[in-house]
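Protein chains: 4
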Amino acid sequence: MKNSAVLLVQCRDQKGLDAAIAEFLYRNNGNILHFEQHQSNEDNFYFARVEWDLADFQLPLSEFTEKFDPIAAKFDMTWRVAIASYRPRVAILVSKYDHCLVDLLYRQRNGELKCEIPLIVSNHPDAQRHADFHAIPYHVIPVTKENKAEAETHEQELFRHHHIDLIVLARYMQILSPDFISRYPQQIINIHHSFLPAFIGAKPHLQAYERGVKLIGATAHYVTEVLDDGPIIEQGVARISHKDALEDLVEKGRDLEKVVLSRAVRWHIENRILLHGNRTIIFE
Amino acid sequence: MKNSAVLLVQCRDQKGLDAAIAEFLYRNNGNILHFEQHQSNEDNFYFARVEWDLADFQLPLSEFTEKFDPIAAKFDMTWRVAIASYRPRVAILVSKYDHCLVDLLYRQRNGELKCEIPLIVSNHPDAQRHADFHAIPYHVIPVTKENKAEAETHEQELFRHHHIDLIVLARYMQILSPDFISRYPQQIINIHHSFLPAFIGAKPHLQAYERGVKLIGATAHYVTEVLDDGPIIEQGVARISHKDALEDLVEKGRDLEKVVLSRAVRWHIENRILLHGNRTIIFE
Amino acid sequence: MKNSAVLLVQCRDQKGLDAAIAEFLYRNNGNILHFEQHQSNEDNFYFARVEWDLADFQLPLSEFTEKFDPIAAKFDMTWRVAIASYRPRVAILVSKYDHCLVDLLYRQRNGELKCEIPLIVSNHPDAQRHADFHAIPYHVIPVTKENKAEAETHEQELFRHHHIDLIVLARYMQILSPDFISRYPQQIINIHHSFLPAFIGAKPHLQAYERGVKLIGATAHYVTEVLDDGPIIEQGVARISHKDALEDLVEKGRDLEKVVLSRAVRWHIENRILLHGNRTIIFE
Amino acid sequence: MKNSAVLLVQCRDQKGLDAAIAEFLYRNNGNILHFEQHQSNEDNFYFARVEWDLADFQLPLSEFTEKFDPIAAKFDMTWRVAIASYRPRVAILVSKYDHCLVDLLYRQRNGELKCEIPLIVSNHPDAQRHADFHAIPYHVIPVTKENKAEAETHEQELFRHHHIDLIVLARYMQILSPDFISRYPQQIINIHHSFLPAFIGAKPHLQAYERGVKLIGATAHYVTEVLDDGPIIEQGVARISHKDALEDLVEKGRDLEKVVLSRAVRWHIENRILLHGNRTIIFE
Chain E
58 MKNSAVLLVQ CRDQKGLDAA IAEFLYRNNG NILHFEQHQS NEDNFYFARV
108 EWDLADFQLP LSEFTEKFDP IAAKFDMTWR VAIASYRPRV AILVSKYDHC
158 LVDLLYRQRN GELKCEIPLI VSNHPDAQRH ADFHAIPYHV IPVTKENKAE
208 AETHEQELFR HHHIDLIVLA RYMQILSPDF ISRYPQQIIN IHHSFLPAFI
258 GAKPHLQAYE RGVKLIGATA HYVTEVLDDG PIIEQGVARI SHKDALEDLV
308 EKGRDLEKVV LSRAVRWHIE NRILLHGNRT IIFE
Chain A
58 MKNSAVLLVQ CRDQKGLDAA IAEFLYRNNG NILHFEQHQS NEDNFYFARV
108 EWDLADFQLP LSEFTEKFDP IAAKFDMTWR VAIASYRPRV AILVSKYDHC
158 LVDLLYRQRN GELKCEIPLI VSNHPDAQRH ADFHAIPYHV IPVTKENKAE
208 AETHEQELFR HHHIDLIVLA RYMQILSPDF ISRYPQQIIN IHHSFLPAFI
258 GAKPHLQAYE RGVKLIGATA HYVTEVLDDG PIIEQGVARI SHKDALEDLV
308 EKGRDLEKVV LSRAVRWHIE NRILLHGNRT IIFE
Chain G
58 MKNSAVLLVQ CRDQKGLDAA IAEFLYRNNG NILHFEQHQS NEDNFYFARV
108 EWDLADFQLP LSEFTEKFDP IAAKFDMTWR VAIASYRPRV AILVSKYDHC
158 LVDLLYRQRN GELKCEIPLI VSNHPDAQRH ADFHAIPYHV IPVTKENKAE
208 AETHEQELFR HHHIDLIVLA RYMQILSPDF ISRYPQQIIN IHHSFLPAFI
258 GAKPHLQAYE RGVKLIGATA HYVTEVLDDG PIIEQGVARI SHKDALEDLV
308 EKGRDLEKVV LSRAVRWHIE NRILLHGNRT IIFE
Chain V
58 MKNSAVLLVQ CRDQKGLDAA IAEFLYRNNG NILHFEQHQS NEDNFYFARV
108 EWDLADFQLP LSEFTEKFDP IAAKFDMTWR VAIASYRPRV AILVSKYDHC
158 LVDLLYRQRN GELKCEIPLI VSNHPDAQRH ADFHAIPYHV IPVTKENKAE
208 AETHEQELFR HHHIDLIVLA RYMQILSPDF ISRYPQQIIN IHHSFLPAFI
258 GAKPHLQAYE RGVKLIGATA HYVTEVLDDG PIIEQGVARI SHKDALEDLV
308 EKGRDLEKVV LSRAVRWHIE NRILLHGNRT IIFE
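Protein chains in written order, with this note's numbering: chain E, 58 to 341; chain A, 58 to 341; chain G, 58 to 341; chain V, 58 to 341.
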């Protein structure tokens, strides 16, 4: 594995953008490994993800901002840079269904998810043993109507203390307050167990069963203040039939949810996702 | 191909149902080719599709009803019998998008769809040449707010005249009146270009594009009086990405719609679909 | 969950088979829950799976064979009966790649796989901690060219001692001897990490990478004496592209292998699989 | 639709490649619409596809080669440039199965395939009426063991006369001679009705049926002198079960073959495919 850096850029499309970025990296002796660029036709926006080898790169990353700023200013870019070797710090929130948690922990352990998981938070004690197995601190923070604000404050303290970069709701059955959500823009990923926007809200499998659909879905999305309406990162579906009872939907849903959520988390921590309004650009 | 008959049965579940049906067919020297049976656990209903070889069957089908009636009465069955060699008579309704029409005609011609297509009805002249190619009468019946009732009456006369068994809305962009729909229960199949119940109503691809979904869908369903709410027969999805503009969704949708609609039509004409409330049981 | 029994039958097709089976169960006051039947057209064989409720069934299963034998003899049936509540005893064999093992253990624990797993055997100590987590005995039996016969004898003793019904090779990287295999007909399931019959033998991912395929596969099959040639139970594929390096194929393969293997194991322990020559009939 | 040009480049990876290309286009006032670049890790090769708007581009394409040559020479590039508005001239070869032909013609007609189809060649007269419907010349050139060389010469004359850029074997059941193939490197696309490399050669559906696979496939590939061994462009699969007879495989295969072949043809004519040894890089 080469040690590399990633530059993410978005701005109004203009001539010379690719040339300016590529030339800047070349001038500093960087070898570009991946260059992917997208244009939205409707509103003429430019999006790019550039990854380059740090081996011979002559610009210390501490000086990157200072040197790149004139280019960014000229094109009025929104941009950020990340080192691939930095492992983002991820907090997982879970309730009783533990399949996504177990799956994420396994993938992190075997190297698929290049992140740290410094803590797991749950409103139930049930998943403790999985946390213990991986030697990850497990915080039980029960949530009731009365203590919700307090519970969220407690959670936020933990996140601050552990320098959390990303919060993953791995079938966490609590609705977060708007205040909580507003503190973590594009930093909370949820897995909803339906093909959004079908079956928003509670009990999507029951809704799907009653509507008699022939496919069930799962959707990973960033959490925004409107329930189940945030930018969609990834979706998957599985075939069902009249033979499937409600519990079969739940079971088939589990395999979907694991795959869809882990893919979304991966793209996030590998700096592959840009937001444009309520839509995501994913540089796979 | 063996000449066979199909019996479709639904009723409250009771002991002895399979035995009574199988024994009846055996007593008349029928060899059962397929026996499929389903039970709905929630409300304890029984559904079955039985297909048997007519080669040595000693009961003339004209006497089937009379002889089977005592069994049906004993178990309070809803049932029907069909001969596989009977080719249902299908009317196709289409507007300007002709991909589903062309696909259905090709499949009928090559033997995949064992039906007759005695007429095509459209509110536009555009698809005439495809009808001509297959030597099928093509009726242009323009529909406006003013003449809608009249147009529907005209259509119904055509269907009656041609002894139509099934009406297929192959991207027919008119909403049928409740009166029209009520005359053809479980006899109108529509293709909706979304994964229902997501994106009900007009312009589902635009809705999908704006929501930023990662999969688009198509849904074939029986038409009922509530728009896009009838029993779902088949659904399919295709993967899209941020690279896909609205017209790409339309294009990818076409392949989906063809496959999903043709499968639904096929199951219908092969007597593989039972209705239970708003859900379908499909004996594939 | 109803307590039920399953009857699996195969024989040359004859009139009266369904009637004889259904009538026998009805006569003993059994309520049939599922009746699925298949005919192979080429050679006119009959296959059936019948599941019935044991609640009111008046024939003790200990007397089933005696009472059913005359029917079986009349039609020259190959048949077996199983009680759904019996949990088959499964041994899992694994080498170093533990993803299938971990997945099977999780599914068994959460009730998806209705079986016992009394032991895990490995030629490496690596997966011990997963066995410990689930409190399942873990036997390390190293295999070398020299001790292979001895190692297999040891394994067979363990299987006998634990009354093993099914042996699952969950990425077990040893080739079993013909003698070993012949002792467990239709009782060994292997997961091969390719879409068989493509890429038989060693390093299928490398073979796939070098051939430049656009989909990779996984195949669960019964083990027979010809390598990678046994009856196929289930297969799956995943999309890859030129962007995927060999290690990405390995990674994408893991998700496939887990799902494909667990489905095959499930169908086996739920008595849903019949063999016909080198082909499987799966009553899903 | 913007009028654009595409530059395809491959060479040994070196620093400054992206910068040189992007800077060259910018210097000539071109606005880059898509920039996609790939590196093969094993052998350190560089591949790129760059598409730019011709609206303000100040370099006449007639002078492109002269001006770009110094850059190409410096990096030892293999490269080509194409104008998106040029519609490649495609010859379709077909035998009796006409589903792929009909599908390609429909897609060309509705604008999905931006190419000309000046002629169809067949060794049978059967598909004539489809050619007539689209007013495309249809040449019947029967092929026997005796006249094969002569027939191929005739075909080549037609291709020359019609300035054919691409030859599509749309279920053409003749094996082309090595001499014929060598004249059209990376210019002949075939659809094979299996998931290659499984079931190479004749009757792949029969082979698949007999092996008892649970998925059938289709593969579009460039034709090389080794049968069914050329670089794979696209593959697809469909699920089958024990219920499917051989003719069902054929039927399900048709839908696969159409989609897989049309996608491959589209990527080719949109200049999205690079070859690297026996593997394809597809810039979707």
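All C-beta atoms in this analysis are idealised placements derived from N, C-alpha and C, irrespective of residue type, glycine included.
Chain-ordered chain A contacts of residue i [CB-CB under 8 Å]
i	result
V/ASP110	Correct list: empty, because the minimum Cβ distance to chain A is about 16 Å.
V/VAL343	Missing from the structure shown is residue 343 of chain V; chain V here goes from 58 to 341 and no further.
is_contact[residue i, chain G] using C-beta, thresh 8 Å
i	result
V/THR337	yes
V/VAL294	yes
V/ARG268	yes
V/PRO145	no
A/TYR279	no
8 Å Cβ cutoff, residue i in contact with chain E
i	result
G/PHE190	yes
V/TYR241	no
In DSSP terms, what residue i is bridged to
i	result
E/SER61	E/ASP110
A/VAL294	A/GLY274
V/SER97	V/PHE102
V/ARG146	V/GLU173
G/HIS10	The requested residue 10 of chain G is not part of the displayed model; chain G covers only 58 to 341.
V/CYS68	V/TYR103
G/THR135	G/GLN67
Chain-ordered chain V contacts of residue i [CB-CB under 8 Å]
i	result
E/GLN96	LEU90 and HIS91
A/GLU169	GLU308
G/ALA255	PHE252, LEU253, PRO254 and ALA255
E/LEU154	The sequence given here places Tyr at residue 154 of chain E; Leu does not occur at that position. Near E/TYR154 there are no residues of chain V at all, since even the closest Cβ is about 28 Å away, more than 8 Å.
Contact with chain A by residue i, beta-carbon distance below 8 Å
i	result
G/GLY73	yes
G/GLU314	no
G/ASN86	yes
E/ALA321	no
E/PRO288	yes
Any chain V beta carbon closer than 8 Å to residue i
i	result
E/GLU291	no
A/TYR163	yes
G/PRO261	no
Cross-chain neighbours of residue i in chain G, by beta carbon under 8 Å
i	result
E/GLU212	None at all; the shortest Cβ gap to chain G is about 27 Å.
A/GLU80	ALA76, ALA79 and GLU80
Residue i in three-state terms, based on DSSP
i	result
E/ARG228	coil
V/HIS262	helix
E/LEU82	helix
V/ILE221	coil
V/ARG329	coil
G/VAL159	helix
A/THR210	helix
Chain-ordered chain A contacts of residue i [CB-CB under 7 Å]
i	result
G/GLU327	Result: empty, since nearest Cβ-Cβ is about 16 Å, beyond 7 Å.
Cross-chain neighbours of residue i in chain G, by beta carbon under 9 Å
i	result
E/TYR195	Ordered by position in chain G, no residue passes the 9 Å Cβ test against E/TYR195, which lies about 15 Å from the chain.
Proximal residues of chain E, C-beta to C-beta of residue i below 8 Å
i	result
V/GLU341	Neighbours of V/GLU341 on chain E: none; closest Cβ ~10 Å, over 8 Å.
Listed by chain order, chain V residues near residue i by CB distance under 9 Å
i	result
G/LEU272	PHE252, GLY274, GLN292, GLY293 and VAL294
Contact list for residue i against chain E, beta-carbon separation under 7 Å
i	result
A/LYS300	HIS95
Could you tell me whether the region 269-276 of chain G touches the region 244-252 of chain G, where touching means 3 or more Cβ pairs closer than 8 Å?
The count of Cβ pairs closer than 8 Å, one atom from the region 269-276 of chain G and one from the region 244-252 of chain G, reaches three, so the stretches are in contact.
Taking three-plus beta-carbon pairs below 8 Å as touching, is the region 178-198 of chain E in contact with the region 155-163 of chain E?
Verdict: yes, contact present.
Should the region 127-135 of chain A be regarded as contacting the region 59-71 of chain A, the criterion being three or more beta carbon pairs within less than 8 Å?
The region 127-135 of chain A vs the region 59-71 of chain A: in contact.
Okay, do the region 169-186 of chain V and the region 92-99 of chain V touch, 3+ Cβ pairs below 8 Å being the bar?
The region 169-186 of chain V and the region 92-99 of chain V do not touch, with fewer than 3 CB-CB distances between them shorter than 8 Å.
The region 74-84 of chain E in contact with the region 290-308 of chain E per 3-pair CB rule at 8 Å:
Contact between the region 74-84 of chain E and the region 290-308 of chain E is absent: fewer than 3 CB-CB pairs across the two stretches fall below 8 Å.
State whether the region 235-251 of chain E contacts the region 312-320 of chain E, with contact taken as three or more CB pairs (one from each stretch) at a distance under 8 Å.
Enough Cβ pairs lie closer than 8 Å, so yes.
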